[in-house]
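Here the structure is laid out as structure tokens; the discussion comes afterwards.
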Amino acid sequence: MITEVLAEARKKMEQAAEHVSSEFATVRTGRANPQILHRITIDYYGTSTPLQQLASFSVPEPRLLVVQPFDKSSLVAIEKAIRASDLGLNPSNDGNLIRLAFPAPTEERRKELTKMVRHMAEEGRVAVRNVRRHSKDDIEALKHEVSDDEIRRGEKELQELTDQFVHRIDELLVGKEHELAEV
């Protein structure tokens, strides 16, 4: 029974770490990365549609991202949505596709992004700790069915699991901060 609680906790903590990783991918560094556009939605025929459903992306150069819409009539709407996003990108529309040049972020923007990334990491750590708290409650609810030793062992394993995932999130944060610090 405790192993099932721990397995469920591991799964949820894994999801929290994956969420942090995918959030980090949407933060603009100085390199072209199609994932930063995944948050953008376009009003397409009255429906809010994710950009990746309306266009394909390619990275011909390290600092250039090309967005090629499947439907040319959506080009202007895509360009407008990219401009309206808080990514600080200036799209160049040539009538067939949109080119996005990624300038190196300024020192001030780098500090802003670092602060944002730290906040994302803290949200991930909080999510992991919430999973631990709920799982600990579940383990303690089994008090009448299993021995105290098993409960202590389960809580110890749960804490080790929590520490492991918090450490993983911290490693992701250090990597992203290093990436942001590069000029």
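The number in our numbering is simply the position in the sequence shown, starting from 1, with 19 added.
Ideal placement from N, C-alpha and C gives every residue a C-beta, glycine not left out.
The structure presented is a predicted model; accordingly, all values stated were derived computationally and were not measured.
| Check | Outcome |
| --- | --- |
| Span of the alpha helix (DSSP H) holding Leu-177? | 167-200 |
| May I ask you to report which of helix, strand or coil DSSP gives Ser-104? | coil |
| Considering only C-alpha positions, which residue in the set Gly-194, Ser-40, Val-165 and Ala-103 is nearest to Asp-62? | Ala-103 |
| From Thr-181 to Arg-148, what does the alpha carbon distance come to, in whole angstroms? | 7 Å |
| Hey, which unbroken runs of the beta strand (DSSP E) at 3 residues or more fall wholly within the stretch 27-98? | 60-63, 66-69, 74-80 and 83-88 |
| Kindly indicate which residue of Leu-191, Thr-48 and Glu-196 has the alpha-carbon position closest to the one of Leu-106. | Thr-48 |
| In terms of residue numbering, what span does the alpha helix (DSSP H) encompassing Leu-132 cover? | 126-160 |
| With distances taken from CA atoms, which of Ser-92, Glu-141, Arg-128 and Met-32 is nearest Ala-74? | Ser-92 |
| Three or more C-beta pairs closer than 8 Å, one from the stretch 22-37 and one from the stretch 183-194: is that the case here? | yes |
| Report the residue from Leu-177, His-153 and Arg-137 whose alpha carbon sits nearest the alpha carbon of Glu-203. | For residue 203 there is no data in the structure shown, the boundaries of the chain being 20 and 202. |
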